[in-house]
Amino acid sequence: MFNGEIVFTIADEERVEVDLGAEIIPTRIVKKGDVVVLGRKAPKNRWMYKISYGNEKEYLESLEKMANQLSDKAEYVNKLARTYEEVSIIIYMRSEFAEIGCSIPSHILKKLSALDCSLNFNVLSFGMAKNV
Numbered sequence: 114m115f116n117g118e119i120v121f122t123i124a125d126e127e128r129v130e131v132d133l134g135a136e137i138i139p140t141r142i143v144k145k146g147d148v149v150v151l152g153r154k155a156p157k158n159r160w161m162y163k164i165s166y167g168n169e170k171e172y173l174e175s176l177e178k179m180a181n182q183l184s185d186k187a188e189y190v191n192k193l194a195r196t197y198e199e200v201s202i203i204i205y206m207r208s209e210f211a212e213i214g215c216s217i218p219s220h221i222l223k224k225l226s227a228l229d230c231s232l233n234f235n236v237l238s239f240g241m242a243k244n245v
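Read left to right, the sequence shown gives residues 114 to 245 (my numbering).
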């Protein structure tokens, strides 16, 4: 069992200006120098769109939703990738157990492959699994 977020993020030293329409609005905008966590300052300007999920079924639904939304705007997303330093999709996964496995169905992979951005996985485990 795992939960987490899928985040489409754009970062640059310069101001980040994005208009992906009414259905993809930023869930967070960070300006370079803003204090983000534990007194640390953001090294870059960052625009983020996040979808959260609570289990494996929601993970697949959320990933498919983001893939559909972004692939519908692939030309614009690819323009953003040429304009800004970093354009990526980050999949955050959290679990109380030491092992996490997931898959990405081929129809979602095809949509994501049309985007000129990286796909990153951050797995955060609390390692509480016992001999199972």
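Glycine included, every Cβ here is placed at the ideal spot set by N, Cα and C. Predicted model, so just to flag it, every value in this text is computed and none were measured.
Length of the line joining the Cα atoms of residue i and residue j
| i | j | result |
| --- | --- | --- |
| Val129 | Ile142 | 9 Å |
| Pro156 | Tyr197 | 14 Å |
| Lys170 | Gly134 | 27 Å |
| Glu126 | Glu136 | 26 Å |
| Phe234 | Ile217 | 12 Å |
| Phe239 | Leu232 | 23 Å |
| Lys144 | Ile138 | 16 Å |
| Lys178 | Leu225 | 11 Å |
| Ser219 | Ser175 | 15 Å |
Close Cβ partners of residue i (< 7 Å) along its chain, the five nearest in sequence each way excluded
| i | result |
| --- | --- |
| Arg207 | Phe115, Asn116, Gly117, Leu237 |
| Tyr172 | Tyr166, Cys215 |
| Thr140 | Met161, Tyr162, Lys163 |
| Val148 | Lys154 |
| Gln182 | Glu136, Ile137 |
Residue range of the unbroken beta strand (DSSP E) whose run includes residue i
| i | result |
| --- | --- |
| Glu118 | 116-125 |
| Val148 | 148-150 |
| Val143 | 141-143 |
| Phe234 | 231-238 |
Beta-carbon proximity list for residue i, same chain, < 6 Å, skipping 5 on both sides
| i | result |
| --- | --- |
| Phe121 | Tyr162, Ile202 |
| Asn191 | Asp229 |
| Ala227 | Ser184, Ala187 |
is_contact[residue i, chain D] using C-beta, thresh 8 Å
| i | result |
| --- | --- |
| Cys215 | The structure shown contains no chain D; it holds only a single protein chain. |
Heavy atom of the ligand NAD within 7 Å of residue i beta-carbon
| i | result |
| --- | --- |
| Glu171 | For the ligand NAD, the structure offers nothing, since it holds no ligand at all. |
Helix, strand or coil at residue i according to DSSP, with G and I counted as helix
| i | result |
| --- | --- |
| Ser226 | helix |
| Arg128 | coil |
Which ranges does the alpha helix (DSSP H) cover as unbroken runs of at least 4 residues, wholly within the stretch 155-224, from first to last along the chain? Along the stretch 155-224, the alpha helix (DSSP H) occurs as fully enclosed runs of 4 or more residues at 169-184, 187-196, listed in sequence order.
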